[in-house]
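Report on one structure; see the data block that follows.
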Amino acid sequence: MGKYLLRRLATSVILVAVAASLAYLLAASSLNPRANYQGKQPPVPAHVIDNTLNQYNLNDKTPVLERYGTWVSGVVKGDFGKTWSGGSINDVMGRRIGVSLRLLLIGTVLGSALGVAIGAYAAVKQYRFSDRAIGVGSFVIMAIPVFVIATLLTMAATGLNNAAGSTLIEYTGEYNPALSGWDQFANRLNHLILPTLSLCLGQIAFYSRIQRNMMLDVLGQDFVRTAQAKGLSRRTALFKHALRTALVPAATYFAFAFGTMLTGATFTEKIFGWHGMGAWLVESIHANDTNAVAAVSLFAAVCVLVAGFLSDLIVAALDPRVRVS
Amino acid sequence: MTILEVNDLTVTFPGGIQAVRGVSYQLGRGEVLGIVGESGSGKSVTSLAVMGLLPAGADVSGSVKLHGRELLGMPEKEILKRRGKAISMIFQDPLSAFTPVYTIGNQIAEAVRVHQDIGKEAAAKRAVELLDLVGIPHPDVRAKAFPHEFSGGMRQRAMIAMAIANDPDVLICDEPTTALDVTIQAQVLEVLKTAQRETGAGIVMITHDLGVVAGLADRVLVMYAGKPVEQGTVEEIYYRPRQPYTMGLLASIPRLDRESERLIPIEGNPPSPAALPPGCPFAPRCPLRVDACDDAEPPLQHLTGETRMTACIRSHEIEVKGLTGAEVYPVPEPVAAEHIARPRSERATVLELDQLIRHYPLMKGAVFKRRVGTVHAVDGISFDIVEGETLALVGESGCGKTTTLQQIMQLEAAQGGRVVVFGKDSGALTKSDRKALRKDLQIVFQDPMAALDPRMPVGDILAEPLRAHGHQDIPARVAELLTLVGLDPDCVHRYPQHFSGGQRQRIGIARALALEPKLIVLDEPVSALDVSIQAGVINLLEDLKARLGLSYLFVAHDLSVVRHLADRIAVMYLGKIVEVGTVKEVYGTPAHPYTRALMSAIPLPDPQLERSRRRVILEGDLPSPATPPTGCRFHTRCPKRALLPEAQRQRCVAEEPAVVRLAHADDHGAACHYPEVTQVTDISPVEDK
Amino acid sequence: MRSKVVLRRLMAKQQVRFGLFGLVLLLAVAYVGPFLGPYDWTEKDFTSFLSAPSADHWWGTTQIGQDMYAVTLRGMQKSIVIGFLVALISTGLAALVGAFAGFFGGWVDKVLMWGADLLLVLPSFLIIAIMSPKLKGGTWLWFVVLLAAFSWMITSRVVRSMTLSLREREYVLAARYMGIPDWKIILRHILPNLSSLLIIDATLNVSAAILGETALSYFGFGVQPPDVSLGTLIASASGNQVIAYPWLFFFPAGLLVLLVLSINLFGDGLRDALDPGSNS
C-alpha cells in the first residue's frame, strides 16, 4: 500500500509538473504583459518597460524557454514570481486559495451528499410522480449553465431584497468588513448562500442522475433478488444492498464532477464578486499576467489530481474488490 | 405429507408472452422433485413464481400452497415471514447472487437475523456454524471474506448455508451446479444431500442435466415450452419414458459409460413462447406426430393404471408397444467411411506441441493495480495430432486448456517450448508464412452468440475469410458452405441474432471451413447448446471430419462428449498433462487418480447406476496456478496418495512425475508415480436396458 | 429490423418526443426565424437604443440599436454550428484514439492514455482561456478545433475500456485467426459494435460543446466580435443591466437552456433505446 501511494504520488507530481509547464508555456506565448505599459500617457520609455518586464521575468524579448527556466527555478523554491504590476504572486495566492477552497469544499460535500440521496430516493420511487419530478428537475438544471443560474439567483435575491425593503440575502463579496464577532460570522454565512447554491445545484442534479441510473442498474441484479429471497422486504433490500453497491460506480464520477465544478467556481466567484482563484484567472488573462495564470493552472492541476486520488480512495473504501488484500 | 402444492401455475409476461402454462406438482417432506427442461422451457420462471420473486410486470395465476396456505395474493407482510424461512432458494450463479460489498458471513448472519430474534454476535456465530456445516474450511476466517474472494464452488456452498439458515421446509435449487466444474459439482451435490439430511426439507431441483437428476431425485417433472409433458418417478422417466420429447432427450445424450454409435438428435428448435404452434407444442419436432396432434394441446393425464402422467395422445400406444427413443427417432445416416485407414505412425503430423510454456503476470486490484505473482497457466505440455485424428484436450476451468489453444492459434513464438503446425515452427514464421498457415488452421468457438459479429449478415461473416485470402466467386462458395453445414443457402442476408444457438454454431463451423483447413480447433463447441441440439452438431462434426479428412483438436470439459467424438485424449491439470492416450485405453483403465476422479464425478443419466456406483470425491478446490504445489501438482488433493505408506507419499511431494508410457499399453501414458492399473468397472460397457 | 425496433423504442419515450420536438423547433427558429423578422442582424436602428420588446422590435434592441430577435437567432446559429462540429470532431477523435489504444495495448496504449490523462489534468476551460488571446482576429473555426481538441478524453477512455473487452470477443479473435489485418478489424468489427455508444456520446457532446462555447464566450475567451453567439449575448447582457434590461438576458439564456435541454433529453432517451443494458 505504502509503495503504491508513493508511486502514485510520483506520477501525480510528474503530471502536475508537465501540465503546469504546458500552461506556463502557453500563457507565456499567448499573453502580452508589455501591452499593459504601452500606449500610456505620458508614454513610458521602451528601456524602462524592458527593465521592468525583465525584473518580473515577463519580457517577451527574452526567449520563452529562458523565461520558463527562470520561472521553474523560482517555483521549485516555492516562489511563483511577480504579477505584471510587480506584486508577489505568493501573497495573492495565499489570500485567494482559501476563498476558493471554501467554496469548492462546501460545494463538493453538499452536492454529492444531497445528489446521492435524491437520486437514491428517485430510484426507489421509480416511475412515480416524485421520480419524474426529480428527473425533470435535474434535466432542466443540468441544461442551465452556471453563469445563467448565478445571474438568475442574483436577480431573485435583488427582487426579494427590494420586496423586503432590506438586504435579506447578500449577493456580492464574501463578507461585510464593517461587522465583527457573531454578526460577522452570520454575515459570512449569508454571503455563502447564493454562491454555494449556484455551484451545488448542478452537482446535485448530476449526482442524482448518476445515482438513480446506477441504482436501477443494480436493482435488476441477482443479489437484490437473493436479499429478497432471504425474507428482506423490497425496501430493505434496496437500501441495504442496492444503494450501497450502487455507490461504487457513482464514486468513480467524483473526479469528473470535481473538474466541472472547478470551472463552475470561476463563474460563481466572478459573478458574486469573490476574490478566489477562478476570478483571478479571468482577471489575469485579461491583464496579460503570465505568472498569475501559471499559478492558477498549477493550483487547478493539483486540485484535479487530488480529486482523482480521493475518487480512487473512496472507490477502494466502498468496494472490497479493488482493495489490495 | 405434502408441504408444497402447486396447481395450474401460469406466468404471463408483459406482451402476452406465456412463459409458464399450467404447472402442477406436489412436494412432500424430505422428497426431491427434479424439474428438467431445456433453456426457455419455463422451469426457472416456475420457481421464481413460487417464491414470489418475479419482476413486477409478470402476471401469475393458479395456486401455490405452502403448508396448505395460499401464497399467491397473500399480503406482503405474511409472505416475508415465510420467504427465507419456510421456503428458500439457491440460485444458479453464486457470484452475482451475493452482494459484492458485504462479507459472506455478514450476508448469512443477515438471513439468520431476518427471521430469528437473536443478537449480532449470535448470528455471526451461527453463520460460522453454517459455513462449517457446508464444508468450508476455516469457517471462522472465511466468514470475513468477501464474495469475490471465494471460488465458485465455495460460493455455492455458502449459498446453501444461507438457504438452510432458518431450517426451511422447502428448498428450491435453480441449476445449483451448472456454473461449476464436474468435480466441484460432485462436492456441492454432496453438500446438498447433507443439507437435506440436516433440515429434512423437500427439494425442488431444477436442472437441464439429466445426470444430476438421476442421482438425486425421487420424482421427475419434464417441461417443454412452459408446460409439463411428463411426470413420474425417476425410474419410470429414465427407463420407460412414454412421451416422445422425454424419449428423445434421453436418447440424444452421449454416454460416458458406453461407446456410442451415432447420436440421435431431435430435429428443429423449441418453439418461441410468443408463437406457439396450434396443437401439441412438440408436434413440429416429433417423430410420432399424427394429424390429430395439431388439433389441440394434449393435457397432462395419468397413464392408464399408473401414477405417472404424460401429455401425449400416443402415450398409451408407446406403452403397449414398449417403444424406446432409439426406435422412434429416425437414426441418422452413419458416418461416411474415413479416407485414411493407415496406422497412426504412418500418417503425417499436423500439430505438435513440445514442452509449451505460457506464464502470465498476476495482477491484482482494479484501482490499485500491481503485479503480485506469476500464473503458471501452461507449464510444459507436449502432444501431437496426426492427419485425420481427433485429440481431445480435457480439464476443468483453470487447467490451462484455453491458454494452450490460444498459443496454438496465435502462431507466434512461444515463451518456452515449441508449437509446430504442419511441420513449421510457429516461432520462425514470416508474416506471409503465418497468413498462409492460417488457411490450414481454423477455430470454432464455444459461445455461438459471441463468436459471430452481431452487426454483420451471415453472408458477410462467411465471406470475410474468403476475401481476406483472395478467393474468387465468393457467393457460390458461401452458399456451398451453408449447405455443407445443413443450413439454407438463402439465409445470407439475415443477422446472427435471428438464428437459434445450434444454427449459429453451424454458421461458426461453416466459417471455420471456408478456407478448407486441414486442422480445426474446437473450443468447447457444444457446451453452450441444449442436449437435443448438441447431438445434431456433434453428428455434423463427425461427418465433416470423415468427408473432408479433417483433424480436430477438441477442447472440452465434458467427458461423455469426448468419449463419443475423440480418438485420443489428453487430460490436463494445473497447466500439466497428467494422462494421454487412446480413448479406448484411457476410458477403460484410467491410470491417473485425477482422471479417475474426473470420470467418477460425471453424473450418469441412469438412476440405478448413478446411485450404486462408487464415487471418488476430490477434496477442496483447484490450487491457484500462481502457486502450484511442488512435485506432482495433484498431490494436495490426490485420493490415492492418501492411501499410500508415508515413504511413498514423500515422492509425490518431492519429485514431479513425467508422462511415461504405461506397460502393456500401445498408446497410453500417465504422469503419476503410482499409476492405477485396474479397469474401471462402473463406467465400462453395460447392457442396454 | 434493428433500426425499426430502436426507432419504436425511441419514440415510445415521452422524453425523446419532447427532446426531438424541441430540437426541431429550435433548429427551425434558428434557421427559418431570421427570414420572418423585419430586421437583419447587422442593421442598427439609431432611433431606439435599449428599447423593450415591441411590435417593431419583437425582442427589443441592444445598446447599439441592434434588433435583439435577429441578433439572438444569429448567435444561436453560431452556437448550434459550433456544437455540432465540435461533437463530430471530438467523438471521432475519441473513437479512434480509444479503439487504437485498447486494441493494440502496450506502448501505443500507454502513450495515448498518458496524453489523455495529461489533458484531463487541466480543465479544458482553463487551457482554451489561456490560448484565447491568440485567437483574437482569427476565424471562429480555430475555436471549434480547440474545443474539440480538449473534449475527447473521457469518451476515449470509455471507448478504450469497451475495446478491451471487445478485443477478447470471440468474433474478433476469429477475424484475427483468419489473418485479417488489425486496422481492418478495428474498422470492421470494433467500431461498428461501439456505434451505439458513439452515437449517444456524439449527441450529448453537442450540448456539452454548446455549454463550453457559451461559458468561454461569456468571459470573452470564445467567439470574438463581430461574430455573435449565445454566450457573447448573455455576457453582454449581464452585470447591472440585467435588472434594467431583462430582455437582453432572457431571450438568449432561455434559448440556450431550451436547446441544451432538448439535446440532453433526446440523447438520454437514445441511450435507453440503443443500449438497453445500461439502465433498468
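Residue numbers (this note's numbering), protein chains in the order written: chain F, 1 to 325; chain P, 1001 to 1689; chain A, 2001 to 2280. From the three backbone atoms N, C-alpha and C, an ideal C-beta is built for every residue, glycine too.
| Check | Outcome |
| --- | --- |
| Residue interval of the beta strand (DSSP E) (run including residue 1554(P)) | 1551-1556 |
| Sequence-distant residues of the same chain with beta carbon closer than 8 Å to residue 2225(A), five excluded per side | 2232 |
| The beta strand (DSSP E) enclosing residue 1028(P), as first and last residue numbers | 1017-1028 |
| CB contact check: residue 2015(A) to chain F, cutoff 9 Å | yes |
| Beta-carbon contacts of residue 2261(A) that lie in its chain and below 6 Å, excluding the five residues immediately before and after | none |
| Per-residue contacts from residue 2144(A) into chain F (C-beta, under 8 Å) | Near residue 2144(A) there are no residues of chain F at all, since even the closest Cβ is about 18 Å away, more than 8 Å. |
| Contact list for residue 1453(P) against chain A, beta-carbon separation under 9 Å | 2169, 2171, 2172, 2174, 2175, 2188, 2189, 2192, 2193 |
| Whole-number beta carbon distance between residue 1515(P) and residue 1442(P), since they are thought to touch under 8 Å | 7 Å |
| Per-residue burial, residue 1081(P) [other beta carbons within 10 Å of its own, 16 or more giving buried] | exposed |
| Cβ shell of residue 151(F) (< 8 Å), same chain only, five flanking positions each side left out | 271 |
| Contact list for the stretch 2122-2134 of chain A against chain F, Cβ threshold 9 Å | 2122, 2123, 2124, 2125, 2126, 2127, 2129, 2130, 2131, 2132, 2133, 2134 |
| Exposed unless 16 or more other CB atoms sit within 10 angstroms - verdict on residue 1253(P) | buried |
| Identity of the residue in 1134(P), 1139(P), 1184(P), 1151(P) nearest residue 1163(P) by Cα | 1134(P) |
| Start-end ranges of the alpha helix (DSSP H) lying completely within the stretch 1522-1576 of chain P, minimum 4 residues | 1531-1548, 1559-1565 |
| Presumed contact (8 Å Cβ cut-off) between residue 104(F) and residue 265(F), rounded CB distance | 6 Å |
| Beta bridge counterpart(s) of residue 1671(P) as assigned by DSSP | DSSP output for residue 1671(P) lists no bridge partner at all. |
| 6 Å Cβ shell around residue 2273(A) - same chain, five flanking residues per side excluded | 2006, 2009, 2010 |
| Bridge-paired residues (DSSP) for residue 1691(P) | The question about residue 1691(P) has no answer, for chain P in this structure spans 1001 to 1689. |
| Close-in-space but distant-in-sequence residues of the same chain around residue 1615(P) (CB under 6 Å, 5 per side omitted) | 1600 |
| Minimum length 4: unbroken alpha helix (DSSP H) runs contained in the stretch 1353-1422 of chain P | 1401-1410 |
| Opposing strand residues paired with residue 2042(A) [DSSP bridges] | Paired residues: none, contrary to the question. |
| Coil, strand or helix - residue 2279(A) by DSSP | A caution first: residue 2279(A) carries a pLDDT of 38, below 50, which makes its placement in the model unreliable, though a value can still be read off. It is coil, neither helix nor strand. |
| Cβ neighbours of residue 2228(A) in the same chain (closer than 8 Å, five flanking residues each side left out) | 2041, 2071, 2074, 2075, 2078 |
| Touch test, the stretch 139-159 of chain F against the stretch 286-293 of chain F, Cβ-Cβ under 8 Å, three pairs minimum | no |
| Residues of its chain near residue 1434(P), where Cβ-Cβ distance is below 7 Å and the 5 sequence neighbours each way are ignored | 1411 |
| Euclidean distance between Cα positions of residue 1033(P) and residue 1656(P) | 46 Å |
| Span of the alpha helix (DSSP H) around residue 2086(A) | 2068-2104 |
| Three-state secondary structure assigned by DSSP to residue 2220(A) | coil |
| is_contact[residue 318(F), chain P] using C-beta, thresh 9 Å | yes |
| Own chain residues within Cβ distance below 7 Å of residue 1662(P), not counting five before or after | 1591, 1668, 1669, 1670, 1675 |
| Within 9 Å, strictly: CB atoms of residue 122(F) and residue 131(F) | yes |
| Residues near residue 302(F) in its chain [Cβ-Cβ closer than 8 Å; skip 5 each side] | 16 |
| Within 8 Å of chain A by C-beta, residues of the stretch 271-295 of chain F in sequence order | 271, 281, 282, 285, 286, 288, 293 |
| Proximity to residue 2210(A) [Cα-Cα], best of 2165(A), 2264(A), 2196(A) | 2264(A) |
| Residue interval of the alpha helix (DSSP H) (run including residue 1447(P)) | First-last for residue 1447(P): undefined, no H or E at that position. |
| Neighbour flag for residue 2214(A) against chain F, beta carbons, 9 Å | yes |
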